[in-house]
DNA sequence: CATGAATGAGGATTCATTCAT
DNA sequence: TATGAATGAATCCTCATTCAT
């Protein structure tokens, strides 16, 4: 996490660094992301960077944390399921919100995508394992709630279903857009509905 | 594809190079994989490498092709679905075979995983798009066959279901092992069954 | 100069090597020209190349010699000045022939251009000094003849005038074409006439 | 152009780099010039070099610009033609100054020569076209002035005559020295006079 | 606390030539 | 005589981090 010096910075400067880092890590996976470019675009001297962050990984962790916070705060109103929706309806809404978030914050989405798909185990895992667990836990809770409400069968493998949802939410902003065409937003939303329906009803006849 | 010079090499040497490359690309995604390390471990001079392969991408394409061939030849006996199994039974068998392949060839599995998940689109896509399409097509065909046989509902989104299976098959050797523990093989196999069951029946109650 | 082995080659093969070398040295100055590419395009093994030529410079000298011979034999009919033209008319015809030669043999012209302008002293000079001297001598003879005929003033610096002509003939195929536009052939020929006129009459008033 | 870091260097160090680069580019045309040798002779680590210059071309552009500035400032007093000399006298003085400059700064002259004669068009043109045009324009102006003063015939091909002068000025420091011997300075100067006389009066009798 | 110069290992690729078969 | 594998130095360039000022 950033050193105190970073938080003591005037907001404008702090923001420029944040933005520049966001750009760089959105365009490149961890290893390819270049501190050199970040400081150049932020207009700060190299020495300063290492006064704000202990190293590259430190900056990266910080960004991930920020993205996570932002996403949580974006989704929080939803998350309570205030209107008491059916489990699957609720998941649909949640996913749609996630898509909207990605559309409004493409860089954040891109970084998240890198993090979840990049296979540089050594560098990522340490950071990402927490987040992965958290993500899985969220879906597990939702499903457990569904079981309680009677929406979801009681005898299914919860971990597995949660994993399915987790995978889905990650691939949405990346792969799926490419595979199914950069469709209009509405089409895309209906794709989400199909996905959840598929999970609800399965594809087996009868 | 490798130059003739590579194929003219004594098998022992050719193998050492192949093994060294396999190691390197299993441990690192494309960009991080280092020619220097490959030649060092293979015990060949740098100049020689470039007499066997035109460049890094050339070597990489070669490896992917080899992996693909090996996997195909491994799965071919299954693929015909000779015993006329039900669609979902058939998928289970196919996945189990895939898992066995990954267990027997962990490096190959790892490289495939890198290829399908890495976010360095520019470098990979050229090579990988074909393979991705092929992969998807296989699952689509299986599902279409299932529809014909009456195993699978006729009104589902085939593309989506195929995509789900594709994702699943890729994550099996990687993620799932980590997440669900390096369990005994039998446990792992039962996980596969759960996954397919989930796809067949859905998780919705009733 | 090539080894005997080269001359013993079947003509077709010898020619393929010659053509390939011509291509390479037309596209690149000496240092950038690549033996690797030459043998690849010629379709001969690398070992063979060094059985025909002792090294790169050997091949290069050979090409220069061939070009020189070809040009001489092209210009020979002219050179005798059989119709007993005035010195300046004769030069004009000679230059025009030179241009025609360059148009008909663009690769040869290009190689000549490289040779005369490239500043890799160490590599070129050894070869080129002879040719340069020969070239200068030709023009000196023409001018001396002009003096004898009374076309050319007796008290001028012959070496210098010869040098001027030499420079001119070299720059024609290269620079001048670029500078004065890739004009129609006739325009270009009239440019030559202007050049010789300028040499004949000077630009001073009166 | 160099980065700020270069200009911030202590002068002694900056100079060592400058001198080393000058040496290298004087001895070799662009492509053959080696960054490795430059840094070795300058006694700086490789990483440092790339903190001062973005790349090889950057350094090269810088050198060319420096040479150009130095030459301009050297010739400026002449250029005004303050004593209202006849066009041809003026050219003689200008050329003599150019020769003096070349004798005093042989490396700079050599680099200029490389730049103007090397046939590696792709690399040079971007940088050199400006300079070439500027050079031609200067001579064109001088000749135009000569026409106005009545020194130069009004009906000649100005472009061509300017081109002649341009070629001459470039070959002076290079070729001519070689061809006409490293003669005493006075002899050399008289050669220049001959050249201009030749241009003024032509070599035709009468 | 800010600065920015120093560093050297590492990246991929090209090359002309030699030499054993 | 034909072959083609072996070689290692050379090319330009990027990088994250340290440290003296």
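Chains as they are written, first to last, in my numbering: chain A, 2 to 207; chain B, 2 to 207; chain C, 2 to 207; chain D, 2 to 207. We treat Cβ as the ideally placed atom computed from N, Cα and C, and that holds for glycine.
Distance CB(residue i)-CB(residue j) smaller than 8 Å
| i | j | result |
| --- | --- | --- |
| residue 165 of chain D | residue 109 of chain D | no |
| residue 2 of chain D | residue 58 of chain D | no |
| residue 1 of chain C | residue 96 of chain C | The displayed coordinates of chain C run from 2 to 207. Any statement about residue 1 of chain C would go beyond what the structure contains. |
| residue 140 of chain D | residue 163 of chain D | yes |
| residue 4 of chain B | residue 75 of chain B | no |
| residue 27 of chain C | residue 111 of chain C | yes |
| residue 100 of chain A | residue 189 of chain A | yes |
Residues near residue i by beta carbon distance below 7 Å, same chain, minus five either side
| i | result |
| --- | --- |
| residue 22 of chain A | 39, 60 and 64 |
| residue 17 of chain A | 43 and 44 |
| residue 169 of chain C | 196 |
| residue 82 of chain D | 91 |
| residue 36 of chain B | 50 and 57 |
| residue 146 of chain C | 88 |
| residue 15 of chain C | 7 |
Spatially closest choice to residue i from the options, by CA coordinates
| i | options | result |
| --- | --- | --- |
| residue 106 of chain A | A/79, A/80 and A/69 | A/69 |
| residue 133 of chain B | B/147, B/156, B/118 and B/36 | B/118 |
| residue 89 of chain A | A/101, A/151 and A/74 | A/151 |
| residue 136 of chain A | A/198, A/12, A/80 and A/32 | A/80 |
| residue 206 of chain C | D/12, D/73 and D/144 | D/144 |
| residue 159 of chain C | D/198, D/157 and D/67 | D/198 |
| residue 161 of chain A | B/156, B/46 and B/191 | B/191 |
| residue 187 of chain D | D/20, D/138, D/98 and D/85 | D/98 |
Contact belief for residue i with residue j at Cβ below 8 Å, rounded distance in angstroms
| i | j | result |
| --- | --- | --- |
| residue 204 of chain D | residue 153 of chain C | 5 Å |
Where residue i meets chain C, residues with beta-carbon distance less than 7 Å
| i | result |
| --- | --- |
| residue 1 of chain D | Nothing can be reported for residue 1 of chain D, as the shown portion of chain D is limited to 2 through 207. |
| residue 162 of chain D | 199 and 204 |
| residue 82 of chain D | Those do not exist, as residue 82 of chain D stays about 17 Å from chain C at its closest Cβ, beyond 7 Å. |
Contacts that residue i makes with chain B (C-beta to C-beta distance below 9 Å)
| i | result |
| --- | --- |
| residue 52 of chain A | Near residue 52 of chain A there are no residues of chain B at all, since even the closest Cβ is about 29 Å away, more than 9 Å. |
| residue 154 of chain A | 202, 203, 204, 205, 206 and 207 |
| residue 106 of chain A | Within chain B, no residue comes near residue 106 of chain A; the closest Cβ sits about 17 Å away, beyond 9 Å. |
Own chain partners of residue i with C-beta closer than 6 Å, once the 5 adjacent residues on each side are dropped
| i | result |
| --- | --- |
| residue 25 of chain A | 34, 38 and 39 |
| residue 148 of chain B | 155 |
| residue 7 of chain A | 53 |
| residue 71 of chain D | none |
Cross-chain neighbours of residue i in chain B, by beta carbon under 8 Å
| i | result |
| --- | --- |
| residue 201 of chain A | 203, 204 and 205 |
| residue 18 of chain A | The premise fails here: residue 18 of chain A is roughly 24 Å from chain B at the closest Cβ pair, so nothing lies under 8 Å. |
Beta-carbon neighbours of residue i, restricted to chain D and to distances below 8 Å
| i | result |
| --- | --- |
| residue 151 of chain C | 206 |
| residue 190 of chain C | Those do not exist, as residue 190 of chain C stays about 14 Å from chain D at its closest Cβ, beyond 8 Å. |
| residue 140 of chain C | Result: empty, since nearest Cβ-Cβ is about 12 Å, beyond 8 Å. |
Contact set between residue i and chain C, taken where Cβ atoms lie within less than 9 Å
| i | result |
| --- | --- |
| residue 32 of chain D | 30, 32 and 33 |
| residue 9 of chain D | Neighbours of residue 9 of chain D on chain C: none; closest Cβ ~34 Å, over 9 Å. |
Listed by chain order, chain A residues near residue i by CB distance under 9 Å
| i | result |
| --- | --- |
| residue 65 of chain B | In chain order: nothing, as chain A lies at least about 15 Å away. |
| residue 100 of chain B | Per Cβ cutoff of 9 Å: no residues; residue 100 of chain B is ~15 Å from chain A at best. |
Under 8 Å by beta carbon: chain C residues contacting residue i
| i | result |
| --- | --- |
| residue 89 of chain D | 205 |
| residue 56 of chain D | The premise fails here: residue 56 of chain D is roughly 19 Å from chain C at the closest Cβ pair, so nothing lies under 8 Å. |
| residue 37 of chain D | Under the 8 Å cutoff, chain C gives no residues; its nearest Cβ is about 16 Å from residue 37 of chain D. |
Nonlocal neighbours in the same chain, by C-beta distance under 8 Å from residue i, ignoring five residues either side
| i | result |
| --- | --- |
| residue 55 of chain D | 4 |
| residue 49 of chain C | 40 |
| residue 171 of chain A | 113, 114, 117 and 118 |
| residue 93 of chain A | 193, 194 and 197 |
Contact set between residue i and chain B, taken where Cβ atoms lie within less than 7 Å
| i | result |
| --- | --- |
| residue 196 of chain A | 161 |
Within chain D, the residues that residue i reaches when beta carbons sit closer than 9 Å
| i | result |
| --- | --- |
| residue 69 of chain C | Simply none; closest approach about 18 Å. |
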